[in-house]
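*Asks:* For the record, the sequence lines run as chains A and B. Under numbering that gives the first Met the number 0, the first residue of the first sequence carries the number 0, and numbering increases by one thereafter. Under numbering that gives the first Met the number 0, the first residue of the second sequence carries the number 0, and numbering increases by one thereafter. For glycine and all other residues, C-beta sits at the position ideal for the given N, C-alpha and C. Fair warning: this is a prediction, and the values are worked out from it, not measured in the lab.
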Amino acid sequence: MAMLRNKVRGFAAPRSAVLAGLVALAACLGYGQAVNSCVDCHSTMPDPLGVSSDKFSQDIHAQKGLTCTSCHGGDASSYDPTVAMGSKAGFKGKIDRKKIPDLCGSCHSNPNLMRQYDPSLRTDQLAEYHTSVHGKRLVTGDTKVAVCIDCHSVHDIRPPSDPRSTVNPVNVATTCSRCHADASYMKQYGIPTDQFAKYNTSVHHDALAVRGDLSAPTCTTCHGNHGAVPPGVDKVQNVCANCHVFQAQMYAKSTHSKVFQDKGLPGCVVCHTNHGIHMPSDAMLSTGPSGVCMRCHAPGDHCDRARASILANLTQLDGTIRQADDALRVAESSGMEVSEARLSQDQARDALTKARVTIHSFQAGLVDQDIQVGMKIAAANLKAGKDAMIERNHRRIGLGLCLVAVAFMLVGLWLYIRKLEKHSGA
Amino acid sequence: MFAALYRWLDDRLHLDGLIEPFRHKTVPTHRLSYWYFFGGITLFLFMVQVFTGILLLLYYRPSANEAFESVQYIMTRVQFGWLIRSIHSWSANLMIFTAFVHMFSVLFLKAYRKPREMTWVSGMLLLFLVMGFGFSGYLLPWNKLAFFATTVGTQMAGQVPIIGQPLMVFLRGGPQVTGATLTRFYGFHVAVLPMLVTVLIAIHLFLVQRQGMSVPPKVEAAWTKNPSLRREMKFFPNFLLRELMAWYVAIATLGALAALFPWNLGVKAEPFASAPAGIKPEWYFLFMYQTLKLIPSKVWIVDGEVLGILGCSLAGLFWVLLPFFESDKPARTRTWITGLGIFALAFMIVMSVYGYVAQ
């Protein structure tokens with residue numbers, strides 16, 4: 000605090016008269032507005048002490064009526080630095096990083112206080128923070144770990160629903176990456192720093208950032224936010240199950256669940272990886288470079304045969320759906336009415352999706368049941384497309400015959416008219 | 000056998016007396032007389048519409064929940080339902096086209112002039128009714144395009160000064176296009192319009208039969224100067240057989256269009272869905288639609304759309320009353336009426352093409 004005061008004094012000394020004049024003028028021009036000497040002075044200062052009124056006005060706390068003194072103490076009504084930042088006014092100065100969670104928690108952990116601003120806002124952030132890796136390390140004196148302001152920013156804290164907020168779902172990964180992707184900063188912790196790069200290639204990032212699906216997972220969805228910890232190896236499936244419910248139910252009953260648990264393997268991550276999860280494809284069941292089964296299973300064993308069977312069935316259904324799509328598209332472009340079949344193609348696709356979900360049971364029989372449902376529909380639609388083309392050809396043949404008949408009629412009529420007029424002329 | 004039947008009927012109804020005038024009726028023959036066929040072709044297409052429309056009525060259900068599905072059923076399940084529905088749709092468009100061709104041929108051949116003013120007026124009213132058939136029938140399959148085209152079309156009707164809003168609510172059966180609009184349009188399409196058209200066709204044909212075919216002024220002048228040039232053919236059977244040939248060509252064209260380009264059903268209408276981009280009315284309303292689009296939103300203190308609708312209505316009224324603008328110096332009047340006709344035709348073609356290619 001003393002250092003801060005010295006800094007302000009050092010900055011203000013040569014120009015204090017001019018500054019005081021400007022501040023007084025500003026105060027006069029702002030007649031009728033609440034006096035905030037903190038912003039009036041700090042808005043003229045360079046970083047890190049500078050806080051413009053524009054910046055602070057964006058802060059949710061400012062919008063709710065809180066001022067600088069709510070966190071920093073002091074007397075904002077005085078333009079005398081010794082009074083405004085005096086100990087009598089309870090001035091705290093720059094908040095020590097170690098004390099930041101408790102300072103924020105002094106309000107945010109108080110349900111009675113928070114209720115008057117937003118009754119739906121949680122008040123367990125501080126308690127959760129103390130269970131997090133960040134919170135635990137902070138207690139041990141590691142001030143490099145994230146505290147509230149590192150994620151939420153400071154002096155321009157926006158609600159998470161604001162797209163400009165650093166903790167808006169779209170921005171969370173970037174916020175975490177500021178530390179976690181910095182190899183030199185993270186060096187002492189001995190954890191990888193490629194999570195962000197991997198995440199940016201993942202299907203989840205694609206859903207969230209490209210397709211704008213705010214329900215798609217980002218870092219905090221799996222790791223938690225205030226209580227951020229890496230999910231335990233045996234708990235990974237519980238994290239994924241939050242969204243992938245059916246896959247998790249199938250997996251929980253499968254033989255793999257127990258085997259993975261016994262061997263200490265991290266469930267879903269074994270096949271799908273974690274941060275860089277790509278769009279799953281049937282090729283994951285293949286023996287090629289994308290295949291995952293043969294990393295553990297031996298060629299020709301019972302499981303390999305089941306894998307081959309599932310893959311063959313999935314490929315067959317996928318192929319039939321594509322064939323039906325093509326046939327129906329050609330029929331439709333020929334003007335044939337096949338909208339019913341095109342609509343029921345969605346059912347075939349649903350069956351294929353369901354079969355792909357059922358793979359997580361690792362039972363070829365169960366997968367085959369879904370495949371057969373889809374095959375029946377897709378085959379019927381393929382037939383509908385082919386029938387439509389046969390019908391189109393029949394129509395064209397019928398048209399040709401009718402045109403020939405009409406041509407005969409026209410020629411006959413013309414000859415009859417000529418004959419008639421020849422006779423009447425004669 | 001037919002001769003015996005005819006005699007039996009003639010004994011009781013004196014059919015010979017009815018047919019006799021047709022036996023003596025003649026049609027002038029000149030280098031432009033093939034334009035006479037378009038009236039007959041339009042009549043034939045109307046008969047096709049009545050016939051195919053009645054067949055469609057057997058399966059069509061006029062409610063928002065069932066209309067689309069019933070047309071889909073006709074197209075996919077009913078034997079030759081696709082053919083009947085496609086012919087009905089193509090025939091509707093061809094009928095409007097031939098009606099326009101007939102109207103312009105009458106205009107350019109000066110067939111509207113005295114004493115045929117009433118024939119022209121009845122023909123113009125028929126043209127408007129035929130377009131009404133197109134507008135009301137377009138909504139009946141209850142597909143997405145038709146739904147929004149009807150929304151836009153009825154909205155335009157709502158811009159008519161004073162009576163616009165009540166007219167729009169009357170057409171829609173409420174403030175919005177809903178199932179009530181479909182039921183209402185169905186009523187117009189299968190009952191009100193056919194009744195009016197039948198009466199007007201009867202009047203139109205009676206006038207044509209009563210006054211005979213008009214001869215273009217230049218041909219008439221040449222014939223008056225040199226009576227030996229006058230050529231005529233018997234209406235029955237010579238002209239009628241030729242007309243029959245034209246009808247055969249029309250039915251072959253319809254069959255070919257229906258078989259090669261079956262009328263698309265589209266996607267079922269969803270009233271709460273957003274309107275598809277670039278929605279446009281049917282081709283025969285496109286020139287009006289594009290004209291209205293080009294008028295600025297405000298012209299001086301008048302709303303542009305109101306001005307456009309008012310302008311189109313007045314132009315339509317003027318067109319109906321065109322024969323009455325003939326002055327005492329017919330040759331001079333005919334020149335500007337022909338000029339106006341050429342301008343109107345060019346305007347309609349240019350605006351339709353512009354409307355078609357414009358985004």
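Give a yes or no on whether the minimum CB-CB distance between T75 of chain B and chain A is below 8 Å.
*Replies:* yes
*Asks:* Given a cut-off of 8 Å on the beta-carbon distance, is the pair Q71 of chain B and L195 of chain B in contact?
*Replies:* no
*Asks:* Have a look at the DSSP bridge pairing and note the partners of K262 of chain A.
*Replies:* None; K262 of chain A has no bridge partner.
*Asks:* Spatial neighbours of T41 of chain B within its chain, please: C-beta separation below 7 Å, excluding the five flanking residues on both sides.
*Replies:* M94, T97, A98 and H101
*Asks:* DSSP three-state call for M232 of chain B: helix, strand or coil?
*Replies:* strand
*Asks:* By DSSP, does K257 of chain A sit in helix, in strand, or in coil?
*Replies:* helix
*Asks:* If you compare alpha carbons, which of B:F103, B:G163, B:S88 and B:R115 is closest to Y137 of chain B?
*Replies:* Nearest to Y137 of chain B by C-alpha distance, out of B:F103, B:G163, B:S88 and B:R115, is B:S88.
*Asks:* Buried or exposed for R30 of chain B, please, with buried defined as at least 16 other CB atoms from any protein chain shown within 10 angstroms of its CB.
*Replies:* exposed
*Asks:* Look up K224 of chain B in the DSSP assignment and say whether it is helix, strand or coil.
*Replies:* K224 of chain B falls in the helix class under three-state DSSP.
*Asks:* Name, please, each residue of chain B whose Cβ falls closer than 7 Å to the Cβ of R395 of chain A.
*Replies:* A258
*Asks:* Would you kindly work out how many angstroms separate the C-alpha atoms of L204 of chain B and L285 of chain B, rounded to a whole number?
*Replies:* 30 Å
*Asks:* So, does the CB of I18 of chain B fall closer than 8 Å to a CB anywhere in chain A?
*Replies:* no
*Asks:* Name the chain B residues whose beta carbon is nearer than 7 Å to that of S338 of chain A?
*Replies:* Q71 and L264
*Asks:* Look at the alpha carbon of G303 of chain B and the alpha carbon of P158 of chain A, and state the distance between them as a whole number of angstroms.
*Replies:* 46 Å
*Asks:* Specify, as a first and last residue, the run of the alpha helix (DSSP H) that V268 of chain A falls within.
*Replies:* C267 to H271
*Asks:* What residue range is occupied by the uninterrupted beta strand (DSSP E) comprising T25 of chain B?
*Replies:* T25 to P27
*Asks:* For K87 of chain A and K63 of chain A, I'd like the C-alpha separation in whole angstroms.
*Replies:* 26 Å
*Asks:* Give a yes or no on contact between the segment 132-147 of chain A and the segment 39-48 of chain A, applying the rule of three or more CB pairs nearer than 8 Å.
*Replies:* no
*Asks:* Measuring alpha carbon to alpha carbon, tell me which of A:R163, A:D181, A:P191 and A:N237 ends up nearest I59 of chain A.
*Replies:* A:R163
*Asks:* Buried or exposed for G318 of chain A, going by 16 or more other Cβ atoms inside 10 Å?
*Replies:* exposed
*Asks:* Would a C-beta distance cut-off of 8 Å place A347 of chain A and G384 of chain A closer than the cut-off?
*Replies:* no
*Asks:* Just grab the DSSP bridge partners of N237 of chain B for me.
*Replies:* Paired residues: none, contrary to the question.
*Asks:* Looking at the unbroken alpha helix (DSSP H) that takes in G134 of chain A, where does it start and where does it end?
*Replies:* V132 to V138
*Asks:* Have a look at A:H154, A:I148 and A:D155 and flag the residue whose alpha-carbon is nearest the alpha-carbon of C175 of chain A.
*Replies:* A:I148
*Asks:* Hey, how far is the Cα of C70 of chain A from the Cα of H359 of chain A?
*Replies:* 51 Å
*Asks:* Report yes if the CB atom of P100 of chain A is closer than 8 Å to the CB atom of L125 of chain A, and no otherwise.
*Replies:* yes
*Asks:* Any beta carbon of chain B sitting closer than 8 Å to that of M388 of chain A?
*Replies:* M388 of chain A does not count as touching chain B.
*Asks:* Is V298 of chain B near L306 of chain B, with beta carbons less than 8 Å apart?
*Replies:* Cβ atoms of V298 of chain B and L306 of chain B: closer than 8 Å.
*Asks:* Could you check whether the segment 226-242 of chain B touches the segment 361-370 of chain A, counting it as contact only if at least three pairs of C-beta atoms, one from each stretch, sit closer than 8 Å?
*Replies:* no
*Asks:* For the pair the segment 399-407 of chain A and the segment 336-345 of chain A, tell me if three or more CB-CB distances fall below 8 Å.
*Replies:* no
*Asks:* Can you grab the Cα-Cα spacing for the pair F195 of chain A / H204 of chain A, in whole Å?
*Replies:* 10 Å
*Asks:* Taking 8 Å as the threshold (C-beta atoms), are A257 of chain B and L82 of chain B in contact?
*Replies:* yes
*Asks:* Starting from D95 of chain A, trace the alpha helix (DSSP H) in both directions and tell me its first and last residue.
*Replies:* From DSSP, D95 of chain A is part of no alpha helix (DSSP H); its letter is neither H nor E.
*Asks:* Assign D39 of chain A to one of two classes, buried (16 or more other C-beta atoms within 10 Å of its C-beta) or exposed (fewer than that).
*Replies:* buried
*Asks:* Thinking L284 of chain A and A377 of chain A are a contact (beta carbons under 8 Å), I'd like their distance in whole angstroms, please.
*Replies:* No, L284 of chain A and A377 of chain A are not in contact; Cβ-Cβ is about 20 Å, not under 8 Å.
*Asks:* Of all the options B:A314, B:P27 and B:T180, which has the alpha carbon lying nearest to the alpha carbon of S135 of chain B?
*Replies:* B:T180
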